[in-house]
Amino acid sequence: DLNNGLNELDLSQNFMLNFHPRRSNSIKKLVLRNVSKDLVNKLSLNSLFVNIEHIDISINLIEYQTNQNLFKNLNKLKHLNLSSTGLSSLTLLDFEGSVELSWLDLSFNKLTIIKSNDFENTIGLNYLYLENNMIFYIEKYSFSFLQVLIYLNLNNNELKYFDLNEFNSKFLRHVHLKN
Numbered sequence: 002d003l004n005n006g007l008n009e010l011d012l013s014q015n016f017m018l019n020f021h022p023r024r025s026n027s028i029k030k031l032v033l034r035n036v037s038k039d040l041v042n043k044l045s046l047n048s049l050f051v052n053i054e055h056i057d058i059s060i061n062l063i064e065y066q067t068n069q070n071l072f073k074n075l076n077k078l079k080h081l082n083l084s085s086t087g088l089s090s091l092t093l094l095d096f097e098g099s100v101e102l103s104w105l106d107l108s109f110n111k112l113t114i115i116k117s118n119d120f121e122n123t124i125g126l127n128y129l130y131l132e133n134n135m136i137f138y139i140e141k142y143s144f145s146f147l148q149v150l151i152y153l154n155l156n157n158n159e160l161k162y163f164d165l166n167e168f169n170s171k172f173l174r175h176v177h178l179k180n
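In this note's numbering, the protein residues as written are 2 to 180.
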């Protein structure tokens, strides 16, 4: 059975309107870069890919209002690339149950504000990429849940103020704030 031995599925630059995989325990990496809007917005990742560790759905326009549970309960997910997906608010994402998530790329989106509870379900994050958004305000304690954060990139945003004392992480080694 091909479905049980398949480790990686890459459907990038594909304009299929529908894709109906069977539930898979073997697929660890899913790449859907620059695919049809219909395809990415109809996927139910948490019910199809039980052991998924790596998801790249960058360069897509995702309808986050209708896909709020897209990443919920992906308890083995470690690497998530959502760059260039039109994301305007982190409150539209629900990472509940994604306890293994350690690498998150939210760059090249339309984020403007980081709220204090935006990262409360991503406590295992080591690498966070927020560059090339329009972030002008970060609420107090926004990064307090990120106690194992090593790397933060906030380059090319519109920040006027940034307080390094907001971090609880003993591991933080790299902060990029270049404009």
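Glycine residues also receive a C-beta, built at the ideal position from the N, C-alpha and C atoms. Everything numeric in this text was worked out from a predicted model, so none of it was measured.
Under DSSP, L105 takes part in a beta bridge, and its partners are L81 and L129.
Look at V32 here: in three-state DSSP terms it is strand. When secondary structure is reduced to three states using DSSP, L46 falls in the helix class. Cα atoms of L88 and G6: separation of roughly 33 angstroms, rounded to the nearest angstrom. For E9, the enclosing beta strand (DSSP E) begins and ends at E9 to D11. Within a 10 Å sphere around the beta-carbon of L62 sit fewer than 16 other beta-carbons, which makes this residue exposed. Residue pairing of I115 in beta bridges, as defined by DSSP: I139. In the three-state DSSP reduction, L75 falls in the coil class, being neither helix nor strand. DSSP, reduced to helix, strand and coil, places L40 within a helical segment of the structure shown.
Residue pairing for L153: DSSP places it in a beta bridge opposite L129 and V176.
Judged by DSSP secondary structure, I56 falls within the beta strand (DSSP E) whose first and last residues are H55 to D57. Scanning K73, L153 and L105 for the CA closest to the CA of S84 turns up L105.
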